[in-house]
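Engineer: Just so you know, the sequences run in chain order H and D. Residue 1 is where the first sequence starts when you use this note's numbering, and the numbers rise one by one after that. Residue 405 is where the second sequence starts when you use this note's numbering, and the numbers rise one by one after that. Glycine included, C-beta positions come from ideal geometry on N, C-alpha and C. Just so you know, these numbers come straight off a predicted model, no measurement behind them. The structure under discussion is supplied below as structure tokens; questions concerning it will follow.
Number of protein chains: 2
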Amino acid sequence: MKEIKGGVCAPLGFKANGVHCGIRKNKTKEDLALLTADDMCSAAAVYTTNKVKGAPITVTKANLQNGKARVLICNSGNANTCNADGVQKAERMCELAAQFTGADKSDVIVASTGVIGQILPIEPIEAGMPALAAGLSREGGAAAARAIMTTDTVPKEFAREALIGGKSVRVGAMAKGSGMIHPNMATLLCFVTTDAALSPAMLDKALHAAVADTLNMVSIDGDTSTNDMLTVMASGKSGIKEITEEGEEYAAFLALLTAVLTDVSRAIAKDGEGATRLLECKVSGAPDVPTAKKIAKSVVCSSLLKAAISAADANWGRVLCAIGYADAQFDIDKIDVDLCSAAGRVAVCRGGSGVPFDEEEATAVLSPDEVTVEVNCNSGPARATAWGCDLTCDYVKINADYRT
Amino acid sequence: MKEIKGGVCAPLGFKANGVHCGIRKNKTKEDLALLTADDMCSAAAVYTTNKVKGAPITVTKANLQNGKARVLICNSGNANTCNADGVQKAERMCELAAQFTGADKSDVIVASTGVIGQILPIEPIEAGMPALAAGLSREGGAAAARAIMTTDTVPKEFAREALIGGKSVRVGAMAKGSGMIHPNMATLLCFVTTDAALSPAMLDKALHAAVADTLNMVSIDGDTSTNDMLTVMASGKSGIKEITEEGEEYAAFLALLTAVLTDVSRAIAKDGEGATRLLECKVSGAPDVPTAKKIAKSVVCSSLLKAAISAADANWGRVLCAIGYADAQFDIDKIDVDLCSAAGRVAVCRGGSGVPFDEEEATAVLSPDEVTVEVNCNSGPARATAWGCDLTCDYVKINADYRT
């Protein structure tokens, strides 16, 4: 399952582009992305569970009812949410995308990200469309990935390749973080392409299965956004036989999709607002998977642990505290905790009680930019992993004056 | 229901004191508190719901089985939690408190607060007991309140007086915040005294009813501590007839207790770690009280809103977002939101959509050190209030190196 270049344009049959149209004041940053498929695709999506839903979610949901899509348009800088004219504006974005790509407006996925509750100006989007469409290319994935960024410090695009049914199949993705992230069923903005061939039903099934173990295990700040959306479009251009039921090919595609979404999840967490470190929690020995997931999420969500991690402080009592308030049934007196990273491993807790450890060694282990808290429940076979980040002053600074 | 001085010693029949015994390195700060009743009291308590429970919780629960207590001992600087010898040390604290006050060790309430997972040194407590006991007085409430502080910036003691059954009755309280606060059923450390006379059963009932609307509606950081405990001791010295059933006197006592615990809740929230502002959310028009409470808590728990409030930024979209992910059923399209304080009121949302407002005016309204988000669901009669605080860099700084 090889990593490859090209992001959403790595799979065959897709072109993309990103331009600065003027929704954002900063002219050096793209703010409008377009992704098109050469032909109609199977498509599936997951959406935020927040009761406040961005207008683009409402429109995209309607357009994906038939499991088909051909075009995706997404702006950053404005979420088009909690506005009286939101749906009208989102539909206008679909019309524009259709007009400039020759697609039907009902085959467009539309998304917006940015400030909530400010009217979306449609004029910059209208003005930006000709250049955006004219620049579509198989090399345009990077520009599109930049155009959907908000407070992200790095663009997030990934692609992997695997052999399925004897043929090379590719999955590509672009995503944006990096605050208001605490998924439940759906999550943030992530757009996935593949040249695998799947029926809409099987694509939907694979997407939900992969998201449950990847993006739904990410939390930056406990805030579930109003605009979270993850879509996948399958062009079928790899030439594999269409997957219409579970079996070897479906399993191979699911593994490939899960691998790419794991790449995305780690990148989103590591680039959390203000973050300096990826905080991973690997739970093993849990009685069942839901319990393992609840414990892993509880650990990466603890503000207190996250603050300690920002200073590479091995305050493992906060790990135990967070495990203890996870809403699940297990024996707290069997819990073992290790702190790990590329710099080594330190055992800090055995059977629910602290064990002596060398503070300098622990600080060294917590110093790299990716650290892992390993929790063994010693109570069963189930495992889960969750991803978050440390909590720093920069998170506060970024969010104190986000609108200006 | 008059505010009075004296904290836990305001009610008749109690003495208190606090000393520096040496658990903390900082010699200018008391770290050991003692509170005694002249005679046996009815007593009740609520405890943390965290599965990881501090050893003092285990011991206090056992001692309060009979609904009686006479002495309370509490140290700060060490939580005596996740230590193999925790219960043994907590029992030794009860023995010491009993020895120096003439009480039975089974009538002692014991509590500890501070770092989790470090062995509690008992020697400083043994050495500090003579001076601690010798200094007990009716003026000692303030020293005791200082001794239970951790990262609190101000001691928290309150007392109020009301006429019940024709006699003056007093309720006093001391409490400590100020991080790892996200109560559920029980909460932080708070010790309440009263000279009302109640049966243990009615005292327990009143305590649970009052806590549900006060301390259980406070959140600083979403972390439910391992050592949360709130106890109440009733001396009966006011001379009122013992309350043994619901009725006018019970209702009057409950109102008095609720008023003092509201004082405590607001003070705890306002002095949250790193906080510069009290963030209050008042929900009205909800279909039922549980829904109102969930919405109010969701708003004060939002990291994003809390960061915006630190900069007096009227980012009301984050209020809507937090309301939207509250786990409750209501019509999001009927929601009205106002921002309020002593400086005025600004309407920011009507019927789930934004309304134009003056940004300068909104900043002025959010500038005082106590601000309120008013949410009207326009869907029923139920109300609830929750308290939290803003999120600042100082929260991160305090918690980055808490152990050193």
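#1: Determine the closest residue to D/Thr462 out of D/Gly481, D/Cys486, D/Asp442 and D/Thr440, with distance taken between C-alpha atoms.
#2: For D/Lys455, which residues in chain C fall below 7 Å Cβ to Cβ?
#3: Going along the chain, which residues of the segment 363-395 of chain H sit with their C-beta nearer than 8 Å to a C-beta in chain D?
#4: Rounded to a whole number of angstroms, what is the C-alpha to C-alpha distance between D/Leu510 and D/Gly576?
#5: Between D/Gly545 and chain H, is there a C-beta pair that is closer than 8 Å?
#6: Exposed or buried, which one is D/Glu652 when buried takes at least 16 other CB atoms within 10 Å?
#7: Among residues of its own chain, excluding the 5 on either side of D/Asn803, which ones have a beta-carbon nearer than 6 Å to its beta-carbon?
#8: Among H/Phe253, H/Val396 and H/Ala326, which one has its Cα closest to the Cα of H/Met1?
#9: Between H/Leu132 and H/Leu32, is the Cβ-Cβ spacing less than 8 Å?
#10: Determine whether the Cβ of D/Leu391 lies closer than 8 Å to any Cβ atom of chain H.
#11: Please report the Cβ distance between D/Ala563 and D/Gly411, rounded to the nearest whole angstrom; I am assuming they are in contact, meaning their Cβ atoms lie under 8 Å.
#12: Expressed to the nearest angstrom, what Euclidean distance is found between the alpha-carbon atoms of D/Asp798 and D/Asn780?
#13: Do D/Lys571 and D/Gly640 count as a contact pair if the criterion is CB distance below 8 Å?
#14: Is the CB of D/Ala712 under 8 Å away from at least one CB in chain H?
#15: Considering only the alpha carbon of each residue, which of D/Lys609, D/Pro694 and D/Ile713 lies closest to D/Thr662?
#16: Figure out for me which residue from D/Lys645, D/Glu774 and D/Ser702 has the closest Cα to the Cα of D/Ala601.
#17: Give every residue of the same chain whose Cβ lies closer than 8 Å to the Cβ of D/Gly758, excluding the five residues on either side of it in the sequence, and list them in chain order.
#18: Which residues does DSSP list as the beta-bridge partners of D/Thr818?
#19: Just confirm the distance between the C-beta atoms of D/Thr452 and D/Asp632, as a whole number of angstroms; I'd bet it's less than 8 Å.
#20: Excluding sequence positions up to five away, which residues of its chain have a Cβ less than 6 Å from the Cβ of H/Ser137?
#21: So, D/Gly458 versus D/Asn484, is the Cβ gap smaller than 8 Å?
#22: Using a cut-off of 7 Å between C-beta atoms, extract the partners of H/Gly354 located in chain D.
#23: Ignore the nearest five residues each way along the sequence and tell me which others in H/Gly135's own chain have a CB closer than 6 Å to its CB.
#24: Alpha carbon to alpha carbon, how far is H/Lys282 from H/Val264? Give it in angstroms, no decimals.
#25: Check each residue of the segment 441-473 of chain D: if its Cβ is closer than 9 Å to any Cβ of chain H, include it; give the result in chain order.
#26: Residues of chain H with CB closer than 7 Å to the CB of D/Ala715, please, in chain order.
#27: Quick one: give me the first and last residue of the alpha helix (DSSP H) that H/Ala62 is part of.
#28: Only counting the same chain, and skipping five residues up and downstream in sequence, which positions put a Cβ closer than 7 Å to that of D/Ala786?
#29: Of all the residues that make up the segment 675-702 of chain D, which are near chain H by a beta-carbon distance shorter than 8 Å?
#30: The beta strand (DSSP E) with D/Val573 in it runs from where to where?
#31: By Cβ distance below 8 Å, which residues in the same chain neighbour D/Ala700 in space, the five residues on each side in sequence not counted?
#32: Could you give the DSSP three-state label for D/Tyr451: helix, strand or coil?
#33: On the DSSP letters alone, give me the boundaries of the beta strand (DSSP E) that H/Phe330 sits inside.
#34: Would H/Gly177 pass as an interface residue toward chain D - the criterion being a Cβ-Cβ separation below 8 Å?
#35: Suppose contacts are defined by Cβ-Cβ distances below 8 Å. Is H/Ile323 in contact with H/Leu366 by that definition?
#36: Run the CB neighbour count on D/Glu407, radius 10 Å, all protein chains shown included, and call it buried at 16 or more, exposed below.
Structural biologist: Per the coordinate set shown:
#1: One-based indexing of the second sequence puts residue 462 of chain D at position 58. Nearest of D/Gly481, D/Cys486, D/Asp442 and D/Thr440 to D/Thr462, Cα basis: D/Cys486.
#2: Among the protein chains of the structure shown, namely H and D, there is no chain C.
#3: Leu391, Thr392, Cys393 and Tyr395
#4: In the second sequence, the residue the question calls residue 510 of chain D occupies position 106. In the second sequence, the residue the question calls residue 576 of chain D occupies position 172. Looking at the sequence provided, one finds Ser at residue 510 of chain D rather than Leu. Each residue's alpha carbon lies about 23 Å from the other.
#5: The count along the second sequence starts at 1 and reaches residue 545 of chain D at position 141. No, its Cβ sits nowhere closer than 8 Å to a Cβ of chain H.
#6: As a position in the second sequence, residue 652 of chain D is number 248, starting the count at 1. Flag for D/Glu652 reads exposed.
#7: Numbered from its first residue, the second sequence carries residue 803 of chain D at position 399. Closer than 6 Å at the Cβ level, and outside the excluded window around D/Asn803, lies no residue.
#8: Numbered from 1 along the first sequence, position 1 holds the residue referred to as residue 1 of chain H. Considering only alpha carbons, the answer is H/Phe253.
#9: As a position in the first sequence, residue 132 of chain H is number 132, starting the count at 1. As a position in the first sequence, residue 32 of chain H is number 32, starting the count at 1. Yes, these two residues count as a Cβ contact at 8 Å.
#10: In the structure as shown, chain D begins at 405 and stops at 808. Residue 391 of chain D is therefore absent and cannot be evaluated.
#11: Looking up residue 563 of chain D in the second sequence gives position 159. Looking up residue 411 of chain D in the second sequence gives position 7. So it is a contact: roughly 6 Å between Cβ atoms.
#12: Here residue 798 of chain D refers to the residue found at position 394 of the second sequence. Here residue 780 of chain D refers to the residue found at position 376 of the second sequence. Near 32 Å, if we compare the C-alpha coordinates of D/Asn780 and D/Asp798.
#13: Translated into positions along the second sequence, residue 640 of chain D becomes position 236. Translated into positions along the second sequence, residue 571 of chain D becomes position 167. Taking 8 Å as the Cβ cut-off, D/Gly640 and D/Lys571 do not qualify as a contacting pair.
#14: Taking the first residue of the second sequence as 1, we reach residue 712 of chain D at position 308. D/Ala712 counts as touching chain H.
#15: Residue numbering aside, residue 662 of chain D sits at position 258 when the second sequence is read from its first letter. Here the closest residue by C-alpha is D/Lys609.
#16: One-based indexing of the second sequence puts residue 601 of chain D at position 197. Considering only alpha carbons, the answer is D/Lys645.
#17: Numbered from 1 along the second sequence, position 354 holds the residue referred to as residue 758 of chain D. If we look at D/Gly758 and ignore the five residues flanking it on each side, its Cβ neighbours are Trp720, Gly721 and Val752.
#18: Outside the shown range of chain D (405 to 808) lies residue 818 of chain D, about which nothing can therefore be said.
#19: Along the second sequence, read from residue 1 onward, the residue named residue 452 of chain D stands at position 48. Along the second sequence, read from residue 1 onward, the residue named residue 632 of chain D stands at position 228. At roughly 4 Å, the Cβ-Cβ gap stays under 8 Å, so D/Thr452 and D/Asp632 are in contact.
#20: Stepping through the first sequence from its first residue, residue 137 of chain H is reached at position 137. Correct list, in chain order: Lys15.
#21: Position 54 of the second sequence, counted from the first residue, corresponds to residue 458 of chain D. Position 80 of the second sequence, counted from the first residue, corresponds to residue 484 of chain D. A contact, by the Cβ cut-off of 8 Å.
#22: Translated into positions along the first sequence, residue 354 of chain H becomes position 354. Correct list: Cys486, Asn487 and Gly521.
#23: Position 135 of the first sequence, counting from 1, holds the residue named residue 135 of chain H. So the list reads Asn17, once near-sequence residues are dropped.
#24: Residue numbering aside, residue 264 of chain H sits at position 264 when the first sequence is read from its first letter. Residue numbering aside, residue 282 of chain H sits at position 282 when the first sequence is read from its first letter. Roughly 17 Å between the two C-alpha positions.
#25: Thr452, Thr453, Asn454, Lys455, Val456 and Lys457
#26: Taking the second sequence and counting its residues from 1, one reaches residue 715 of chain D at position 311. Per Cβ cutoff of 7 Å: Ala400 and Asp401.
#27: Numbered from its first residue, the first sequence carries residue 62 of chain H at position 62. Its alpha helix (DSSP H) spans residues Ala55 to Asn63.
#28: The residue labelled residue 786 of chain D in the question sits at position 382 within the second sequence. Excluding residues within five positions, the ones whose Cβ falls inside 7 Å are Ala690, Pro691, Asp692, Val693, Thr695 and Ala696.
#29: none
#30: As a first step, residue 573 of chain D is located in the second sequence; it is residue number 169 there, counting from the start. Per DSSP, D/Val573 belongs to the beta strand (DSSP E) from Lys571 to Lys580.
#31: Position 296 of the second sequence holds residue 700 of chain D. Result list for D/Ala700: Met621, Cys685, Lys686, Val687, Val779, Ala788, Thr789 and Ala790, in chain order.
#32: As a position in the second sequence, residue 451 of chain D is number 47, starting the count at 1. Reduced to three states, the DSSP call for D/Tyr451 is strand.
#33: Within the first sequence, residue 330 of chain H is the residue found at index 330, counting from 1. That residue, H/Phe330, is in no beta strand (DSSP E); it is neither H nor E in DSSP.
#34: Your numbering for residue 177 of chain H matches position 177 in the first sequence. No, because no Cβ of chain D sits closer than 8 Å to the Cβ of H/Gly177.
#35: As a position in the first sequence, residue 323 of chain H is number 323, starting the count at 1. As a position in the first sequence, residue 366 of chain H is number 366, starting the count at 1. No.
#36: Counting from 1 along the second sequence, the entry for residue 407 of chain D is found at position 3. The residue is exposed, with fewer than 16 neighbouring Cβ atoms inside 10 Å.
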